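Everything on this sheet refers to the single structure shown next.
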Amino acid sequence: MRFSKLLIPTLKEAPKDAVLPSHIYLVRGGFIFQVASGIYDFLPLGKRVLDKVRAIVKEELDAAGCQEVQLGFVTPAELWKKSGRYEKYGAELLRFEDRKGNEFVLGPTHEEMMVELAGQFVNSYKQLPLNLYQINLKFRDEARPRFGLMRGREFIMKDGYSFHADREDMVREFELMETTYRKIFTRMGLDFRVVEADSGAIGGEGSKEFMVLADSGEDTIVVCDGCDYAANIEAARRSESEDVPEAPEADLTKFHTPGVTSIEELAHFFHVDPYYLLKCVAKKALYDEGRSEIVLFFLRGSDELQETKAANSVGANELEDATEEELEAAGLVPGYMGPVSIMRNEPEEGKAPFSALVADLGVPMIFDNSLKGAKQMICGANEPDYHIVGADLDILNEEKFADLVQVKEGDICAKCGGRLSYTKGIEVGHIFQLGTRYSEPLGASFLDRDGKSKPFVMGTYGIGVSRLLAAVIEQHHDDKGSIWPASVAPFEAVVVVGNVKDEAQLSAGEKIYEALKAKGVDVLLDDRPERFGFKMKDFELIGFPYAVVVGKRLSEGKVEIVARAGLNRTEADTEEAAERVAKLLG
RNA sequence: CGGGGUGUAGCGCAGCCUGGUAGCGCGCCUCGUUCGGGACGAGGAGGUCGAAGGUUCGAAUCCUUUCACCCCGACCA
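Take 40 as the starting number for the first sequence in the numbering used here and just add one per residue.
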């Protein structure tokens, strides 16, 4: 291709609303153009990169035995009503009617459609397993699209769904997909981590995310410095620390603590490490059909609540902060809520004056695992200005315990004992063990060996294809522009003719260009009547892996080969330039 | 959805406070000079000032409403 004929509208100035390098360089480099919030046109260069990313995804998936299909982007609302997600999916689901008044949605994901498809044509265990995927548009009416291709409303996703006769086979496929995804992202030159993830409302037992490490990532991930453990903060686990602070010593009793409501104030008031304070986080849990209830989550004062874990522990769709009014309406005392009430004992020799009971607050109480058998805790007394000290929580045996804590930096790795720390990641892939979550309600089943009808056991696997363009640049750029890995570069090399009016330069450039093409290199000829510096700036901005510069030393039979990464330049004889570049590209 | 900000030429911006013929830089078109790091000169094209309503002799400018876009947060199978 010739640069002079291609629509590559590079810009000198950054668009004012772009903040991330990937967004800035995709726009400045003439890859994409914003049409509306979260909706972008792909210009020729952007389309080329997109196609290369798609090709890699397709190649690896096909090699793993998956089959590509393409489902309708516009999907009947009826299917969504059948799965129960029509209402549940919320405002992100774009709904509309056709001229006859039939209801449709723009597909934000395609579980329903794909299950329907499999249910239609797969009747026997002999047809299993089956892994179908598509690389297709998705539309989610995001509350806040941002960062260019990073979080669009319209975007391209590869979504795959596998169907199995039993759980074992599904887990086998899940692992196959993990290795396949690793290959895909490695080929794109990405530095990524596979992290344990929250399975969330989609359900299932296993879920892993593929995170491209980048400061601009929207997800916080927890990594271990001692082993390969990595998890999304929403799912990260830790080991209980062994060096616990010294425990206070107090007999069980009620204590006057006027106006002391925060953990910080309490720690100061009692001169006690927050580890021995019982933190109560009150939330309003929201369920299907608008149902909601107040739930109290208890954890150590030294810990923070992880909301996703908390929501999962009660099966809620989401949690909201409970207001003081709502707490009072539920008969609770904000600032002084505790799971324990105390009772005065009959005076008796050798017996403590009080004993503890589980308080009956009339709302669900969930306890973090670290509170199992906790001793000498200080907690709210469920009346204004009083706390209970010296509470031993072994009376809570019958209560519900769950993992509620948000792992902190410096916590101990549950796998190897190393130290955990935070890093940021961009989610480019997510694989789930789905089970029968969709096949059951949608009535998608097959006849098993024993002649009985069973719902498919499913897995689902996603890759954010258009988001990958942004992720690659986030990891591969400098202050001049993008630096594309050859595997996804819009062109693998550009031949820059220093001065097209110099016929010798132009014809030498064309010769090298033809030679590169003959060697199978995806090459662009920059034959624009621009000055040298202008063209070099564009090369750096767009970020082709290599440039062959035909210029002033042509008379001595020399051209330059410039590597975009590092901008190192080497001289080459005109005749051997193509060969050298082809070799560099492998 | 809460908080903040911005809408003036393809892009980046000034003008608005204090109402009076819509400007600058880049880009674009023509000609000439230049030609290894985003050249220079001359000439030119291009704008319902986001939209609607109001105040006024007169509105980019003041008032009201509305829409769009961006940032922080909430949210994000």
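Just so it is clear, CB atoms sit at the ideal spot from N, CA and C, and this is done for glycine as well.
Predicted model only: the values in this text are computed from it and were never measured.
- Task: Verify the contact flag: Met404, CB atom, against every heavy atom of the ligand ADP, threshold strictly below 7 Å.
- Result: Judged by which ligands are present, the structure shown has none, so any question about the ligand ADP falls away.
- Item | Terminal residues of the alpha helix (DSSP H) in which Phe224 lies | Arg206 to Arg226 is the extent of the alpha helix (DSSP H) around Phe224.
- Task: Mind reading off the beta-carbon distance from Pro584 to Val88? Whole number of angstroms is fine, and I expect it under 8 Å.
- Result: Not really, about 12 Å apart at Cβ, beyond 8 Å.
- DSSP on Leu59, reduced to helix/strand/coil? coil
- Give a yes or no on whether the C-beta atoms belonging to Tyr125 and His516 are separated by under 8 Å. no
- Message: Assuming contact is defined by CB atoms lying nearer than 8 Å, are Phe337 and Leu317 in contact in what I supplied?
- Response: yes
- Query: For Pro60, does the count of other Cβ atoms within 10 angstroms reach 16, so buried, or fall short, so exposed?
  - Reply: buried
- Message: Is the beta carbon of Val353 closer than 8 Å to that of Val379?
- Response: no
- Query: How far does the alpha helix (DSSP H) with Arg134 in it reach, from first residue to last?
  - Reply: For Arg134, there is no enclosing alpha helix (DSSP H); the residue is found in the beta strand (DSSP E) stretching over Arg134 to Glu136.
- Measuring alpha carbon to alpha carbon, tell me which of Ile223, Glu107 and Pro184 ends up nearest Ala56. Note that residue 56 is Asp in the sequence shown here, rather than Ala. Checking every option, the nearest Cα to that of Asp56 belongs to Pro184.
- Query: Curious, which full-length beta strand (DSSP E) runs of at least 3 residues does the region 499 to 531 contain?
  - Reply: none
- Item | Endpoints, alpha helix (DSSP H) assigned at Asn351 | Glu346 to Val353
- Query: In the DSSP assignment, what are the bridge partners of Ser246?
  - Reply: Under the DSSP definition of a beta bridge, Ser246 partners with Phe471.
- Relative to the C-alpha of His426, which residue among Ala306, Glu569, Phe178 and Ala102 is closest? Measuring C-alpha to C-alpha distances from His426 to each of Ala306, Glu569, Phe178 and Ala102 identifies Ala306 as the nearest.
- Task: Find the nearest neighbour of Gly377 within the set Leu145, Pro524, Pro423 and Asn384, judged by alpha-carbon distance.
- Result: Checked all of Leu145, Pro524, Pro423 and Asn384; the closest Cα to Gly377 is Pro423.
- Task: In the DSSP assignment, find the unbroken beta strand (DSSP E) run with Ala269 in it and report its ends.
- Result: Boundaries of the beta strand (DSSP E) harbouring Ala269: Ala269 to Asn271, taken from the DSSP string.
- Task: Give the range of the beta strand (DSSP E) segment to which Gly199 is assigned.
- Result: Glu193 to His203
- Endpoints, beta strand (DSSP E) assigned at Tyr552: That residue, Tyr552, is in no beta strand (DSSP E); its alpha helix (DSSP H) goes Glu542 to Ala557.
- When DSSP labels each residue in this structure, what does Gln109 get in the three-state scheme? coil
- Message: Does the contact criterion of 3 or more C-beta pairs under 8 Å hold for the region 208 to 216 versus the region 132 to 146?
- Response: no
- Item | Burial state of Leu486 (16 or more Cβ within 10 Å) | exposed
- Item | Uninterrupted beta strand (DSSP E) stretches inside the region 402 to 471 (no shorter than 3 residues) | 404 to 407, 416 to 419, 425 to 430 and 439 to 441
- Message: Taking the straight line between their C-alpha atoms, what separation do you get for Phe135 and Val113?
- Response: CA-to-CA, the gap between Phe135 and Val113 works out to about 10 Å.
- Message: Cutting at 6 Å between CB atoms, please list the residues of its own chain near Asn538, excluding the five before and the five after it.
- Response: Gln544
- Do you know offhand how far Glu387's Cα is from Phe393's? 11 Å
- What's the gap between the Cα of Ala350 and the Cα of Asn356? 7 Å
- Message: Run through the DSSP bridge pairs and tell me what Gln173 is partnered with.
- Response: Asp198
- Query: In the DSSP assignment, what residue or residues form a beta bridge with Arg232?
  - Reply: Met250
- Item | From Cys263, Gly199, Glu285 and Pro48, residue whose alpha carbon lies closest to that of Leu100 | Gly199
- Mind checking whether Ala367 and Lys323 have CB atoms under 8 Å apart? Looking at the sequence shown, residue 367 is not Ala but Glu. Cβ distance not < 8 Å, so Glu367 and Lys323 don't count as in contact.
- Taking all protein chains shown into account, decide if Val261 is buried (16 or more other Cβ within 10 angstroms of its Cβ) or exposed. buried
- Message: Once DSSP output is grouped into helix, strand and coil, what is the label at Ser255?
- Response: coil
- Task: Taking only the alpha-carbon atoms, compute the straight-line gap between Gly5 and Val446 and give it to the nearest angstrom.
- Result: Residue 5 lies beyond the residue range present for the chain, which begins at 40 and ends at 625; the question has no answer from this structure.
- For the candidate residues Ala616, Gly187 and Arg221, whose alpha-carbon lies nearest to that of Tyr500? Arg221
- Item | Cross-strand partners of Val397 (DSSP beta bridge) | Val379
- Could you tell me if Leu176 is buried or exposed, where buried requires 16 or more neighbouring beta carbons within 10 angstroms of its beta carbon? It counts as exposed.
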